[in-house]
Amino acid sequence: MARAANETSPAVDPALLMTAEPADYFALMKPRVMSLVIFTALTGMVVAPGHLHPVLAAIGVVAIAVGAGASGVLNMAYEVDIDGLMKRTRSRPIPMGRVSTAEAYTFGLTLSIFSVMTLGLAVNWLAAALLAFTIFFYGVVYTMFLKRFTAQNIVIGGAAGALPPMIGWAAVTGDVTLYPVLLFLIILLWTPPHFWALALFVQEDYGRAGVPMLPNTHGERATRRQIFAYTLILAPLGVAPFALGFASPFYGGAAIVLGALFIFHAFKVLREKEAEHGAAKKAFGYSIVYLFVLFAMLMLDAALAPALERLVSA
Numbered sequence: 510m511a512r513a514a515n516e517t518s519p520a521v522d523p524a525l526l527m528t529a530e531p532a533d534y535f536a537l538m539k540p541r542v543m544s545l546v547i548f549t550a551l552t553g554m555v556v557a558p559g560h561l562h563p564v565l566a567a568i569g570v571v572a573i574a575v576g577a578g579a580s581g582v583l584n585m586a587y588e589v590d591i592d593g594l595m596k597r598t599r600s601r602p603i604p605m606g607r608v609s610t611a612e613a614y615t616f617g618l619t620l621s622i623f624s625v626m627t628l629g630l631a632v633n634w635l636a637a638a639l640l641a642f643t644i645f646f647y648g649v650v651y652t653m654f655l656k657r658f659t660a661q662n663i664v665i666g667g668a669a670g671a672l673p674p675m676i677g678w679a680a681v682t683g684d685v686t687l688y689p690v691l692l693f694l695i696i697l698l699w700t701p702p703h704f705w706a707l708a709l710f711v712q713e714d715y716g717r718a719g720v721p722m723l724p725n726t727h728g729e730r731a732t733r734r735q736i737f738a739y740t741l742i743l744a745p746l747g748v749a750p751f752a753l754g755f756a757s758p759f760y761g762g763a764a765i766v767l768g769a770l771f772i773f774h775a776f777k778v779l780r781e782k783e784a785e786h787g788a789a790k791k792a793f794g795y796s797i798v799y800l801f802v803l804f805a806m807l808m809l810d811a812a813l814a815p816a817l818e819r820l821v822s823a
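Everything in the sequence shown is counted per the numbering used here, starting at 510 for the first residue and increasing by one.
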C-alpha cells in the first residue's frame with residue numbers, strides 16, 4: 510500500500526493552490542494515453558466491415574477519447590498519494606495542489622457520463638457499454654485494487670487499454686467478432702513487456718511509492734524473463750490477422766519483421782546485466798513503435814484492400 514503523499518512529496522507553493530488552468534484539466538486526462546486510445550479505436554473502426562456516417566464516426570471517436578480521458582482523471586484523483594511520491598508524477602496538477610481531489614472526481618465522473626451517453630445515443634449502445642466497462646475497469650478495478658495489491662497489475666489491468674479497437678469495431682458493426690477480439694489480445698499481450706521494460710528503469714520510483722511492480726516484487730531477472738516470454742507469444746499473435754485471413758500478405762510481412770525486431774529487443778533485455786537498463790529503455794521505446802506501426806499497417810491494409818481486389822480481378 511502506498512504511503513500518504515505528504516511523507517515525501519514536494520512542498521506545495523500556497524500560491525498554486527486552486528489556481529487550475531484549462532491545461533491542468535487537460536493534463537489530468539492523460540493526453541498521451543488518450544492518443545493511443547484514439548489511434549487503436551480508429552483502427553477498429555477502419556478495419557470493421559460496413560459503413561458509419563463520417564459525422565457519427567467523428568462523434569464516436571471524440572466520445573471514446575473523452576471516455577479515455579475520464580479514466581485518466583479518475584485514476585489521478587485516486588492515486589494522489591502515489592503520484593506525490595514518484596519523481597515522474599509528483600508535478601501533476603493534483604499533487605501540486607492546482608486541482609483538488611474533489612474537483613478531479615467531479616470532472617472525471619462528468620466526462621464518464623457524457624462520453625458513454627453520447628456514444629450510446631449517437632452511435633449504438635453496445636459500443637457505449639464497452640466504453641463504460643473500460644472506464645470502470647481502469648478507474649476502479651485497476652486503479653483501486655490491481656495496481657496496489659498485485660504484481661500482475663499490468664497483466665490483468667491491460668484489458669482496459671486493450672478494449673478501444675473492440676469499441677471502435679462495435680461502433681461500426683453493432684457486434685463483436687473474432688477480429689476485434691484478436692486486436693484486443695494483441696494489445697493485452699503487448700502491455701506487459703511494454704510496461705515492465707519501463708518498470709525496470711524506474712523501479713526506484715515504484716518502490717518509493719509502494720507499488721508492487723514486477724521488478725520490485727520478483728527482481729530484475731524474473732522481470733526480464735517475463736518480458737522475453739510475453740514477446741515470444743506476442744510476435745506470432747501480431748501475424749495472426751494475416752494467418753486467419755483478415756489481412757493481406759502486405760500486412761503479414763510487415764508484422765513478421767516488426768515481431769522479429771521486438772523479440773530481438775526483448776532478448777537484449779534478457780541478456781542485459783543486473784542494474785543495467787540501456788536495453789530496457791530501447792525495448793520500451795521500440796514497443797511503442799511496434800504497436801503504432803502494426804495498427805497503422807492494419808488500417809493501410811484495409812484502405813488498400815478494395816484497390817488490390819480490383820487489381821487481382823482485372
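Glycine residues also receive a C-beta, built at the ideal position from the N, C-alpha and C atoms.
{"query": "Inter-stretch contact at 8 Å, needing at least 3 Cβ pairs: the segment 619–635 / the segment 566–583", "result": "yes"}
{"query": "Assigned secondary structure, Met808 (DSSP; H/G/I helix, E/B strand, else coil)", "result": "helix"}
{"query": "The segment 550–568 / the segment 663–681 touching (three or more Cβ pairs under 8 Å)", "result": "yes"}
{"query": "Counted within 10 angstroms of its Cβ, other Cβ atoms place Ala660 as buried (16 or more) or exposed", "result": "buried"}
{"query": "Length at least 4, wholly inside the segment 594–672: the alpha helix (DSSP H) runs in chain order", "result": "610–631, 634–645, 662–671"}
{"query": "Rounded C-alpha distance that separates Gly728 from Lys539", "result": "29 Å"}
{"query": "Per-residue DSSP class, three states only, for Thr528", "result": "coil"}
{"query": "Best match in Phe704, Ile742, Arg733 for proximity to Gly794 [C-alpha to C-alpha]", "result": "Phe704"}
{"query": "Distance between Ala611 and His774 (C-alpha atoms, nearest Å)", "result": "43 Å"}
{"query": "Minimum C-alpha distance to Gly683 - residue among Arg541, Met722, Gly629, Phe751", "result": "Gly629"}
{"query": "At least 3 beta-carbon pairs within less than 8 Å: the segment 728–741 vs the segment 696–715", "result": "yes"}
{"query": "Residue range of the alpha helix (DSSP H) that includes Met554", "result": "540–556"}
{"query": "Cβ neighbour criterion (16 or more within 10 Å) applied to Lys656", "result": "buried"}
{"query": "Contact the segment 763–779 vs the segment 799–818: 3+ CB pairs below 8 Å", "result": "yes"}
{"query": "Per-residue DSSP class, three states only, for His562", "result": "coil"}
{"query": "Coil, strand or helix - Glu516 by DSSP", "result": "Only weak support is given to the placement of Glu516: the predicted model assigns it a pLDDT of 41, under 50, and the question is left unresolved by the model."}
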